[in-house]
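J.:
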Amino acid sequence: MASTLKTLFVDKSLCKGCGICVAFCPKSVLNISNEKVNIIDETLCIGCGMCEKLCPDYAIYLNEKEGK
Amino acid sequence: MTHEIIEKYFRKDMMPHIFCPGCGHGVLMKDIACAIDKLDVDKDKICLVSGIGCSSRATGYMDFNTIHTTHGRAIAVATGIKMANPELMVIVITGDGDAAAIGGNHFIHAARRNIDLTVFVFNNNIYGMTGGQFSPTTPTDDYGTTAPYGNIDQDFDIADLAKYSGATFVARGSVYHVDKTIRLMERAMLHKGFSVVDCMSNCPTYYGRKNHKGKAPDMIRWQKDNAVDSKKAETMTDEELTGKIIIGETHHDNREEYTAKYQKIKDRFVGGIK
């Protein structure tokens, strides 16, 4: 099952630490540390894409390739 | 998907953008690019015009033919572009103050003419760039730096203003409702005539802070909790709709478009007056 999931990427140079992705992530995959988004447990990610859709700074995204 | 859209339609060297942390304008700007991507139109046939304000910074980041004009005059400039080059898809990105206050006159008259422009109003209920003054869409009794005891003005509903001024496609989207907003933007761009999408944004820096609306995630969650679809809203009473935002298409008709009418006049004079 895990092979169908997309991999989560973070571009910390774009992140402003607003916390929208953390608030809307349904699985507690993310947190904010040092005012930047941080992936705490990628294995929990279900690839719903809420973080990618609601990130105003385009700092977090899922890749299109099959991963993991 | 976002990553490809940014690579394809944004000026990467201008990133990160100037918007405050948590500002919904970034999401709406990406929604416009996603909608354009679905349409599959040549980038060189699209012209983005903006006025002044936080929202109007968008044209600096988006890689199309772009013009950043003077305050409130985005629709006036866009009208000129459309009349000179009717084959271009002209899109106006404007804010609530830029569209409804400083450029209010241009807005209502472009709607009256039904010229084929697509106007995306990034509506954050406040003047963000200049320091949090109340705007025409700041709700009555809400606070701004120039309304320290509460706003006594009646606020404008941009969608209603557009509808009753003569716009032929009117809809409202929001930052939270990404997919729906992209669909509405796509339909607005395809529509032949004056189309307006009132995009509910959030200003955590001024509107949120002045009105104790919480941080950016709280403001976006408020949109999620208080949005009502326009079809469902038709069955609800005014009391039930108090404090709610109506999302979706709110008006659509097929009145004749302005540049087409103008072309008919021009055609009459081809080969001499008949």
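Chains as they are written, first to last, in my numbering: chain A, 1 to 68; chain B, 1001 to 1274.
From the three backbone atoms N, C-alpha and C, an ideal C-beta is built for every residue, glycine too.
#1: Can you confirm whether ILE20 of chain A, when its beta carbon is compared against all beta carbons of chain B, has any partner nearer than 8 Å?
#2: Does the Cβ of PHE1269 of chain B have 16 or more other Cβ atoms within 10 Å, making it buried, or fewer, making it exposed?
#3: By the 10 Å Cβ neighbour count, where 16 or more other Cβ atoms means buried, how is ASP1253 of chain B classified, buried or exposed?
#4: List the endpoints of the continuous alpha helix (DSSP H) containing VAL1077 of chain B.
#5: List the whole-angstrom C-beta distance separating CYS952 of chain B from THR1146 of chain B, where the pair is believed to meet the contact cut-off of C-beta under 8 Å.
#6: Is the shortest distance between the beta-carbon of LYS12 of chain A and the beta-carbons of chain B less than 8 Å?
#7: Could you tell me the alpha carbon to alpha carbon distance between GLU52 of chain A and ASN63 of chain A, rounded to whole angstroms?
#8: How long is the line joining the alpha carbons of LYS1082 of chain B and GLY1208 of chain B, rounded to whole angstroms?
#9: Taking 8 Å as the threshold (C-beta atoms), are CYS1199 of chain B and VAL1121 of chain B in contact?
#10: What in chain A is Cβ-close to ALA1216 of chain B, meaning under 9 Å?
#11: Whose C-beta lies closer than 6 Å to the C-beta of ASN1226 of chain B among residues of the same chain, with five residues either side of it excluded?
#12: Could you check whether the Cβ of LYS36 of chain A sits closer than 8 Å to any Cβ belonging to chain B?
#13: For ALA1227 of chain B, does the three-state DSSP call read helix, strand or coil?
#14: Got a sec? Which residues, its chain only, sit under 8 Å from PRO1136 of chain B by beta carbon, not counting five neighbours each side?
#15: Look at GLU1249 of chain B and LYS1038 of chain B and say whether their C-beta atoms are less than 8 Å apart.
#16: Quick check: the Cα distance between TYR61 of chain A and LYS27 of chain A, rounded to an integer number of angstroms?
#17: Cutting at 6 Å between CB atoms, please list the residues of its own chain near HIS1251 of chain B, excluding the five before and the five after it.
#18: With three or more beta-carbon pairs closer than 8 Å as the criterion, would you say the region 40-48 of chain A touches the region 1007-1025 of chain B?
#19: Whole angstroms are fine: how far does the CA of LEU14 of chain A sit from the CA of ARG1255 of chain B?
#20: Excluding the 5 residues preceding and the 5 following ASP1218 of chain B in the sequence, name in chain order all residues of the same chain whose CB lies nearer than 8 Å to its CB.
#21: For GLY1144 of chain B and LYS1210 of chain B, which I take to be in contact (beta-carbon distance under 8 Å), what is that distance rounded to the nearest angstrom?
#22: Return the chain-ordered list of same chain residues with a C-beta closer than 7 Å to the C-beta of MET1 of chain A, the five sequence neighbours on each side being excluded.
#23: In angstroms, rounded to a whole number, what distance separates the CA positions of ASN38 of chain A and GLY17 of chain A?
#24: Counting only the same chain and skipping the five closest in sequence on each side, list residues whose C-beta sits under 8 Å from that of LEU1117 of chain B.
#25: Find the residues of chain A that neighbour HIS1025 of chain B, judging by a C-beta separation of less than 9 Å, and give them in chain order.
#26: Quick one: give me the first and last residue of the beta strand (DSSP E) that GLY1095 of chain B is part of.
#27: Determine the DSSP secondary structure at GLY1166 of chain B, reduced to helix, strand or coil.
#28: Does any residue of chain A bring its CB to less than 8 Å from the CB of HIS1003 of chain B?
#29: Chain A partners of GLY1131 of chain B, CB-CB under 7 Å?
#30: Quick one, which of B:HIS1071, B:LEU1048, B:THR1070, B:LYS1264 has its alpha-carbon nearest TYR1061 of chain B's?
#31: Would PRO952 of chain B pass as a contact of THR1259 of chain B if the rule is Cβ separation under 8 Å?
#32: Go to CYS21 of chain A, then tell me how far its alpha helix (DSSP H) extends in each direction, as first and last residue.
#33: Under the rule that 16 or more other beta-carbon atoms within 10 Å means buried, what is ILE20 of chain A, buried or exposed?
#34: Please classify TYR1262 of chain B: does DSSP put it in a helix, a strand, or coil?
T.: On the basis of the supplied data:
#1: Chain B, which has a Cβ nearer than 8 Å to the Cβ of ILE20 of chain A, makes this yes.
#2: The residue in question, PHE1269 of chain B, is exposed, as its Cβ has fewer than 16 Cβ neighbours within 10 Å.
#3: ASP1253 of chain B should be labelled exposed.
#4: Going by DSSP, VAL1077 of chain B is part of the alpha helix (DSSP H) stretching over 1074-1084.
#5: There is no way to answer for residue 952 of chain B, as the model of chain B reaches only from 1001 to 1274.
#6: Cβ-Cβ to chain B under 8 Å: no for LYS12 of chain A.
#7: Rounded to the nearest whole angstrom, the C-alpha separation of GLU52 of chain A and ASN63 of chain A is 10 Å.
#8: Their backbone Cα atoms lie some 37 Å apart in a straight line.
#9: The beta carbons of VAL1121 of chain B and CYS1199 of chain B sit closer together than 8 Å.
#10: The contacting residues are CYS18, GLY19, ILE20, ALA23, PRO56.
#11: So the qualifying residues of the chain are LYS1244, ILE1245.
#12: Interface annotation, LYS36 of chain A: not in contact with chain B, CB-CB separation never under 8 Å.
#13: Assignment of ALA1227 of chain B by DSSP, reduced to helix, strand and coil, places it in the strand class.
#14: Excluding positions up to five away in sequence, the list reads ASP1096, GLY1097, ALA1100, ALA1101, GLY1104, ASP1153, ASP1155, PHE1156.
#15: No Cβ-Cβ contact shorter than 8 Å links GLU1249 of chain B with LYS1038 of chain B.
#16: If I take the Cα positions, the gap works out to 16 Å.
#17: Answer for HIS1251 of chain B: LYS1163, VAL1170, listed in chain order.
#18: Under the three-pair Cβ rule at 8 Å, the region 40-48 of chain A does not count as touching the region 1007-1025 of chain B.
#19: The straight-line gap from Cα to Cα measures roughly 44 Å.
#20: Excluding sequence positions up to five before and after ASP1218 of chain B, its CB lies within less than 8 Å of the CB of GLY1208, all in the same chain and listed in chain order.
#21: About 6 Å separates the Cβ atoms of GLY1144 of chain B and LYS1210 of chain B, confirming a contact at the 8 Å cut-off.
#22: With a pLDDT of 43 at MET1 of chain A, under the threshold of 50, the modelled position of this residue cannot be trusted; read the value that follows with caution. Apart from sequence neighbours up to five positions away, no residue of its chain approaches MET1 of chain A with a beta-carbon distance below 7 Å.
#23: In this structure, the alpha-carbon of ASN38 of chain A lies about 10 Å from that of GLY17 of chain A.
#24: Answer for LEU1117 of chain B: ILE1075, ALA1078, THR1079, LYS1082, VAL1090, ILE1091, VAL1092, ALA1110, PHE1194, SER1195, listed in chain order.
#25: Within chain A, the C-beta atoms nearer than 9 Å to that of HIS1025 of chain B come from PRO56, in chain order.
#26: Start and end: 1089-1095.
#27: In the three-state scheme derived from DSSP, where H, G and I count as helix and E and B as strand, GLY1166 of chain B is classed as coil.
#28: For HIS1003 of chain B, the nearest beta carbon of chain A is closer than 8 Å to its own beta carbon.
#29: Scanning chain A for C-beta atoms nearer than 7 Å to the C-beta of GLY1131 of chain B yields nothing, as the closest lies near 20 Å away.
#30: Minimum Cα distance to TYR1061 of chain B is reached at B:LEU1048.
#31: Chain B is shown only over 1001 to 1274; residue 952 of chain B falls outside these bounds and no answer can be derived.
#32: That run of the alpha helix (DSSP H) goes 20-24.
#33: By the neighbour-count rule (16 or more Cβ atoms within 10 Å), ILE20 of chain A is buried.
#34: DSSP, reduced to helix, strand and coil, places TYR1262 of chain B within a helical segment of the structure shown.
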